[in-house]
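Chains as they are written, first to last, in the numbering used here: chain A, 1 to 500; chain B, 1 to 500; chain C, 1 to 500.
In this text, a Cβ means the ideal position worked out from N, Cα and C, and glycines have one as well.
Just so it is clear, the structure is predicted and the values come from calculations on it, not from any experiment.
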Amino acid sequence: MRHRILAALIFFSLLVNAVQATEISGKTEECLDCHISATPGIVADWKKSLHAEVSMSEALKKPKLERRVSVEQAPDGLADVVIGCAECHTISPQTHQDTFEHNGYQIHIVVTPNDCATCHKTETEEYAQNLMSQAYGNLKNNPLYHSLVDSINGIQTFENMQTKLAPADEETNADSCFYCHGTKIEVKGMASRDTQMGIMEFPVLSGWPNQGVGRINPDGSKGSCSSCHPRHQFSIEVARKPSGCAECHKGPDVPAYQVYNVSKHGNIYSALGKDWDFKAVPWTVGKDFTAPTCATCHISLVTDEDGDVIAERSHKMSDRLPFRIFGLIYAHPFPKLPDTTIIKNKAGLPLPTELTGEPVAEYLIDENEQKKRLKTMQKVCRACHSQQWIQGHFKRLKHTIKYTNQMTLTATKILLTAWEKGAAKGLAQNDSIFNEAIEKKWVEQWLFFANSTRFASAMAGADYGVFANGRWYMSKNIQEMADWLEFKLNMMKENKLTDR
Amino acid sequence: MRHRILAALIFFSLLVNAVQATEISGKTEECLDCHISATPGIVADWKKSLHAEVSMSEALKKPKLERRVSVEQAPDGLADVVIGCAECHTISPQTHQDTFEHNGYQIHIVVTPNDCATCHKTETEEYAQNLMSQAYGNLKNNPLYHSLVDSINGIQTFENMQTKLAPADEETNADSCFYCHGTKIEVKGMASRDTQMGIMEFPVLSGWPNQGVGRINPDGSKGSCSSCHPRHQFSIEVARKPSGCAECHKGPDVPAYQVYNVSKHGNIYSALGKDWDFKAVPWTVGKDFTAPTCATCHISLVTDEDGDVIAERSHKMSDRLPFRIFGLIYAHPFPKLPDTTIIKNKAGLPLPTELTGEPVAEYLIDENEQKKRLKTMQKVCRACHSQQWIQGHFKRLKHTIKYTNQMTLTATKILLTAWEKGAAKGLAQNDSIFNEAIEKKWVEQWLFFANSTRFASAMAGADYGVFANGRWYMSKNIQEMADWLEFKLNMMKENKLTDR
Amino acid sequence: MRHRILAALIFFSLLVNAVQATEISGKTEECLDCHISATPGIVADWKKSLHAEVSMSEALKKPKLERRVSVEQAPDGLADVVIGCAECHTISPQTHQDTFEHNGYQIHIVVTPNDCATCHKTETEEYAQNLMSQAYGNLKNNPLYHSLVDSINGIQTFENMQTKLAPADEETNADSCFYCHGTKIEVKGMASRDTQMGIMEFPVLSGWPNQGVGRINPDGSKGSCSSCHPRHQFSIEVARKPSGCAECHKGPDVPAYQVYNVSKHGNIYSALGKDWDFKAVPWTVGKDFTAPTCATCHISLVTDEDGDVIAERSHKMSDRLPFRIFGLIYAHPFPKLPDTTIIKNKAGLPLPTELTGEPVAEYLIDENEQKKRLKTMQKVCRACHSQQWIQGHFKRLKHTIKYTNQMTLTATKILLTAWEKGAAKGLAQNDSIFNEAIEKKWVEQWLFFANSTRFASAMAGADYGVFANGRWYMSKNIQEMADWLEFKLNMMKENKLTDR
């Protein structure tokens, strides 16, 4: 017995030595010297990260399925040091517009997907094909969506019995829509700041702070890995838990988190998730978790206990998405390309469907691609559910997509009638289609109610799709829109009679 | 010291052997042989369950208070095997319409309360008397409620300035209301499917998947134990945590979970619940938990540290419910019987109160029964609170029931006036009372706002009862309904004048 | 090896003896004798508390930074006993109106801040300067706010085509607004109750139960420490977790918890908080936690790993609050004093701004004080974030305060026009400004939508500030108010024409 205990002790001390053998680079040591007192929270955070523990040569020793890195050999200088401050903040200084001289080093403030690609190449490349990476441009450069932003964020005034809408300013946009979509970070000069170490010079950034998924970075790259893997722990656990996605996918427009919470999956996660392993790579169904989170179905590498791959990791989340069920007027097949600003419908509007719902096929994936993606997703379901169960589930989702599109069409017809009869001003009058009360009711029909109903169906959180921003509100909204139109047209008629 | 360590090792190895002595049946072994790779997630899930660990003879060795089973002796064949796949999925094959031949066994897909009753007899019998077990019929077979379903789930169209409502289809109903209430599962023939094991035949089920509380099963039984005890871990922990109930009791119509979350009890659970024991049977106040969850007050066997019973376990949850505070137009004494389709008010409507609020006494429990139930509930409160505290709390709840009923009556009077004056079409016009905008506002008065206010009072989550779908909205809704009526009647008057 | 194990055992047994040396007082032993069976839940709860473990002399042995108590020497009789039932419930009997004779002791029911001050003097004094301590009077004694309470909680009736509003009753108020704000607890006589120990006499309390933050206690003190430190565990963990604040700060009027949940901080807390130490005093950034909760930024003593103080503990939460961003019509500098009933604007209304938004400077802190408070708050941010990050963040908040105030002003202008033109009755007509539908829409503009938008900005939970009760609703509400005014004025015009 004594011998075994001694042996164990020796083993552990060797282990400790082995870990200590992995070095912090001299550059990073210098960073830490000051930042341990300048920003103690993030230093402590980083110390808890895998980055602080493992060098690239160690990471590459692991079997492929267990790796978190996706390059085949250690990048220059990273083989035998842990990934510390300097390893990320001094990489390729010439490509970062925000590089500045800081205590003898060329530092850049904003670490970008290009920097992360040094070790996580595949993930970065996939993400660049992900709709999210284009979230800035897809909102900013689509004139229709941008007029929606203006109609929400612009200051309204009231004078002479009329409301007036000013365009939204950058500061408000950065604090609202573009918080999630991402801002454009640009260097606007240099400024001196009084620090613990005396006066220092720093680049002045516009659009900062921001960690939006489609952020335009000072090196021209798009996105922010810290949207889902927050600095400086970069924990896979945060990204795999539903609370991570909830940061942007919770509001009435994208109630993914709310729906998950009332699903059976969410119920099991809430009760038992505390005992699951959210750090294991690969992620083994049954062993590491017994119900999926968002990441399981949409992104993670999932295996069974034999090590067989159920789903490949993909940071191009659309790989498992046949439909686009939110954000647009009608649900439709997923767009072919992440840059949706190229899309135009027959009426010339930058929309993937006509105003009356017909999809603009040339920009959208075809049925074969839809089937392929559905199959990829369903392989995850198959780990627990029978084929019949899965088919029944997706049959309902397809039916619900059809149903919600029809209910949106009905609301659209009421709006089109209002425009036609002069009860509201629309496209023909060269007016925003989002700025009047009746138009805002129409927006809620699809952006809130139809979306919510589809999410509830897609993730089997049906309770959410009835009363909580779902079918109840779709049905009520149509009645209220029709009521309003009747009142308005009647008022117009009376006024005409009176005016005579 | 060495001897003690050795003794401990021997003890543990004996323990391990003891557990291994409990066998997996040969039938279940055969199931597992394929399903460990066909559906690895649920096999792993089951392995973590008590079912996979304990045989009935072991379960029956426990003192009565600690048992999870409620038959007095081990059912045939279950004495010395753990409860595996075959033990549930092959039971009484002749009674299950969905039994089919599968690799030489007579398997049924849908495990039902009747199957669970083999070991959990009392719980199944109690549940059959629980309102929930009738959730399918109570919604489907009550013409008034069913017209509510139609008004929410039916497709609406807009042509010639009129909206038109089609009846709801089965697929949409299954994806919304009946997801929680339960669908009717029927066998619609057989179909071949291509599986890992080659082509196989399976029964085709309608209404599938579903785990609603009042599901009509292929053996004629009602309900689904996996609504609260999700397969295949069947964890009591899931059922005892509020997230379990939240699956159906969260939306604006039944905001139990939301209210609990802002109550002191919910606050304590959120902060400290991680350290509580959710698996202990019986559940000992103070030792296992220090604030109640839904289950504590409504269903669980609760004892004190001396082993004295504070509350008996009952799956007939109405045992602790004097009032019915949600889902109906007015709060009222609990119905006598779980099948509420037998209820008719004086006006002939299938409602437990008149439209003006008077309860239909003959179908509802009397004051004595109410007192008895309140007492049963209050015994749980007494574990921590003084008599005065409890009486003060329930006095407020009764006051709030009265207050909310009055606010609903006011909304009803506005609607009755609208019907009377022809501003809307109601009972007298043989029209649905749920399909117009003003009627939907009226529905929200009771189904959302009065309900929420009562829940907030009942569970002391008062914050929810003011601004979050509570009193604020009741007061605002009345003003808006009155405004609408004024506008509408005025429009009708003007139109008459104009028409002359 | 054997020797080490033995040494460890001896050390542990000494430790156990040391703890046992701290005594439970004889009085408390007597309480426990009965209450262990009368109210077992709270006795078990207390046993898990620090109060049950530590005497004042032990507490005072700790270094100052680690102390939870703030007196310098042990109060009479508390030096060598743990803080049990009697220590709190028999303190200063003559000052408590609810003191009664109970088994030979002078007991009071309601333990008050004055009682807690015996050991936690500084915290109590700070809390008395905290806005929360005045929450009862600030709502009850401000005629304008009180008319808001009436308009929400009063029973409305509908007769002769008119709605009528009765003033709110005490019972409803206690079950809604004053649940959080606090009720007034008064002794209304004595009553006999049948207990396990036979018939006993107890004081009858009005306004009971209540644990509101501004509760008026039977000893004249204000507040309830158990609002945030629930009895009888008094856990600092509960107070430090966001769920604690959520009890009152969740509804649409104060969505702090909702916003935190969709912030990066909330995301990290949700995923990783399970591993943090919520009991450590002082609370060390990086070591004990890696993202802030409500308490971190607003109240807690926060240090770095060198033991340097980042933020002093203060139960006067306004110490870190330059702005008041919720509850009032416009955001404005924080009030100088916690009693806001003294405030009057130029128009004579008890408001800190004019109806058109101009702040009433004399009652509000000046720019210097605002800067000082902001700096105190920002020191917490500095533990992780750069100066530029923080400045960018607060620049946005200030912009959003300005933006939301403008959007409220626009809604106010519509309402003022409605009053002026007789479309609604306001101040000039001596009518409540909260009781009509259009006025309630106006209230939502600031109480729900502008508030939510500001919270979303302040805590970087931007997603909440767009669609979830934020900017979307502000913009829509203005359009709906303008629509309503047009309809109403038109109806008035037609009616005049018709009447001629």
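- With respect to the 8 Å criterion, D115/B and C88/B are classified as neighbours on the basis of their beta carbons.
- Scanning its chain for C-beta atoms nearer than 7 Å, with the 5 sequence neighbours on each side dropped, one finds around Q129/B the residues K316 and P338, in chain order.
- With contacts defined as CB atoms closer than 8 Å, Q134/A and G214/A qualify as a contacting pair.
- Interface annotation for the segment 388-404 of chain C against chain A: Q388, W389, G392, H393, R396, H399, T400 and Y403, criterion Cβ-Cβ distance under 7 Å.
- Short of 8 Å from the beta carbon of G470/C, and not among the five residues preceding or following it, lie these beta carbons of its own chain, in chain order: F449, S452, T453, A456 and Y464.
- Residue state for R68/B is assigned as coil, using DSSP reduced to three classes.
- A166/C and Q156/C have their C-alpha atoms some 6 Å from each other.
- At a beta-carbon threshold of 7 Å, the residues of chain C lying near G244/A are N267 and A271, ordered along the chain.
- By the Cβ-count criterion, M197/B is exposed, with fewer than 16 other Cβ atoms from all chains shown falling within 10 Å of its own Cβ.
- Distance between S206/B and G189/B, taken at the CA atoms: about 10 Å.
- Pairing A458/B with I325/B gives a Cβ-Cβ distance under 8 Å.
- Around the beta-carbon of S221/C, 16 or more other beta-carbon atoms lie within 10 Å, marking it buried.
- A contact is defined here as three or more CB-CB pairs under 8 Å, and the segment 176-186 of chain A meets this definition with respect to the segment 146-154 of chain A.
- For M491/C, the chain B residues whose C-beta falls within less than 7 Å of its own C-beta are F487 and N490, listed in chain order.
- With respect to the C-alpha of S386/C, the residue from H96/A, L65/A, C85/A and I109/A having the closest C-alpha is I109/A.
- When C-beta atoms of the segment 435-444 of chain A are compared with those of the segment 479-488 of chain C, three or more pairs fall below 8 Å, so the two segments count as touching.
- Looking at F334/C, Y269/C and A423/C, the one whose alpha-carbon comes closest to that of L351/C is F334/C.
- Annotation note: the segment 398-475 of chain A contains the following uninterrupted alpha helix (DSSP H) runs of length 4 or greater, listed N- to C-terminal: 437-444, 451-458 and 462-466.
- At a cut-off of 8 Å between beta carbons, R454/A makes no contact with chain C.
- At least 8 Å separates the CB of E354/B from every CB of chain C.
- Think of a sphere of 8 Å around the beta carbon of T290/A: the chain B residues whose beta carbon falls inside it are G41, A44, D45, K48 and Q233, in chain order.
- Inclusion of D304/A and A383/A in the CB contact set at 8 Å is warranted, their separation being smaller than that value.
- Distance check between T118/C and each of A79/C, L131/C, M132/C and Q97/C places A79/C closest, using alpha-carbon atoms only.
- Under the three-state reduction of DSSP output, H51/B falls in the helix class.
- Interface with chain B (8 Å Cβ-Cβ cutoff): W208/C is included.
- Taking a C-beta cut-off of 9 Å against chain C, the contacting residues of the segment 189-201 of chain A are A191, R193, D194 and T195, listed in chain order.
- Of all residues in the segment 162-181 of chain B, only T163, E171, T172, A174, D175, S176, C177, Y179 and C180 come within less than 7 Å of chain A when Cβ atoms are compared, listed by chain position.
- Distance from the CA of K47/C to the CA of Q233/C, rounded to the nearest whole angstrom, comes to 8 Å.
- Taking 3 residues as the shortest admissible run, the segment 170-250 of chain C contains the following complete beta strand (DSSP E) segments, listed from N- to C-terminal end: 186-195 and 198-206.
- Neighbours of L497/C in chain A, taken as residues whose beta carbon is under 7 Å from its own, are T498 in chain order.
- Note on geometry: alpha-carbon atoms of C294/A and V259/A lie some 11 Å from one another.
- In this chain, the alpha helix (DSSP H) harbouring A256/C covers A256 to N261.
- Taking CB atoms only, A468/C has no neighbour in chain B less than 8 Å away.
- Taking 4 residues as the shortest admissible run, the segment 265-311 of chain B contains the following complete alpha helix (DSSP H) segments, listed from N- to C-terminal end: 294-298.
- DSSP, reduced to helix, strand and coil, places I91/A outside both helices and strands of the structure shown, so it counts as coil.
- Between L497/C and T498/A, the C-beta gap is smaller than 8 Å, which places the two residues in contact.
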